[in-house]
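Basically the working numbering = 1-based index in the sequence shown + 141. C-beta: ideal position from N, C-alpha, C; glycine also. Let me begin by presenting the structure, written as C-alpha cells, before commenting on it.
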Amino acid sequence: MSKNERLAVILMLLSTIGVIAGVFGIEKFRRAKFYTMELVARAPEHGNWYPKEFTLPVNKEATILIRNIETVTHGFAIPDFNVAAGEIKAGEVKTVKFTPDKKGKFPFMCTVWCSEHHMEMRGEITVK
Ligand SMILES: [Cu+2]
Numbered sequence: 142m143s144k145n146e147r148l149a150v151i152l153m154l155l156s157t158i159g160v161i162a163g164v165f166g167i168e169k170f171r172r173a174k175f176y177t178m179e180l181v182a183r184a185p186e187h188g189n190w191y192p193k194e195f196t197l198p199v200n201k202e203a204t205i206l207i208r209n210i211e212t213v214t215h216g217f218a219i220p221d222f223n224v225a226a227g228e229i230k231a232g233e234v235k236t237v238k239f240t241p242d243k244k245g246k247f248p249f250m251c252t253v254w255c256s257e258h259h260m261e262m263r264g265e266i267t268v269k
C-alpha cells in the first residue's frame with residue numbers, strides 16, 4: 142500500500158467513526174432532553190394499568206403513550222398537572238405531553254366508566 146492509499150483508508154475510517162459517534166451523540170442528547178414512557182390501559186379485572194407506578198424526572202418534558210389494548214373505552218388523567226387524554230377507544234394509542242414541575246407522588250386514573258371496578262383503575266406517578 143502506498144502512503145497515499147494508507148492515508149485514504151485512515152481518512153475513510155475516521156469519517157465513518159465520526160458519523161457513528163455523531164448519531165450516538167444526538168440520540169444521547171435527545172434522550173437527556175425528553176422522557177418517553179408507554180402505559181398500557183386495562184380494566185382492573187384484566188390487570189389494571191401497566192405499569193401501575195412509575196417515576197418521571199422533575200422539570201423535564203415527559204411524553205406518555207397510552208395504549209388501550211382492550212375492547213372497551215378508557216380515559217387518562219393526572220389532575221395535579223391538569224393532564225387529560227380524553228377518551229381512548231379500544232385499540233387506540235393517545236399521547237400526552239407535559240412537564241412535571243413539582244416533586245412528589247401524584248395519582249393518575251381512568252376517566253371513562255369502563256367496568257364495575259372502574260374506580261380502582263388508578264395508579265401513581267412519582268416525580269423526583
Ligand atoms: Cu378504564
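- Counting C-beta atoms within 10 angstroms of its own C-beta, residue 262 has 16 or more neighbours from the protein chains shown and is therefore classed as buried.
- Taking the Cα of residue 264 as reference, the smallest distance to any Cα among 178, 152, 189 and 146 is reached at 189.
- Runs of the beta strand (DSSP E) lying entirely within the stretch 154-191, each at least 3 residues long, are 175-182 in chain order.
- Annotated three-state conformation of residue 200 is coil, per DSSP.
- Residue 181 and residue 207 have their alpha carbons spaced roughly 6 Å apart.
- Measuring C-alpha to C-alpha distances from residue 222 to each of 228, 237, 211 and 213 identifies 237 as the nearest.
- Placement of the Cβ of residue 181 at a distance of 8 Å or more from every heavy atom of ligand 1 is found.
- Within the stretch 216-260, complete alpha helix (DSSP H) segments of at least 4 residues are not found at all.
- The C-alpha of residue 165 is placed about 33 Å away from the C-alpha of residue 232.
- Per DSSP, the continuous beta strand (DSSP E) segment holding residue 268 begins and ends at 263-268.
- Your pair residue 197 and residue 241 checks out as a contact, with CB atoms roughly 5 Å apart and the cut at 8 Å.
- Of the heavy atoms belonging to ligand 1, none sits nearer than 8 Å to the Cβ of residue 153.
- Taking each of 160, 194, 200 and 179 in turn and checking the Cα distance to residue 244, the smallest one comes out for 200.
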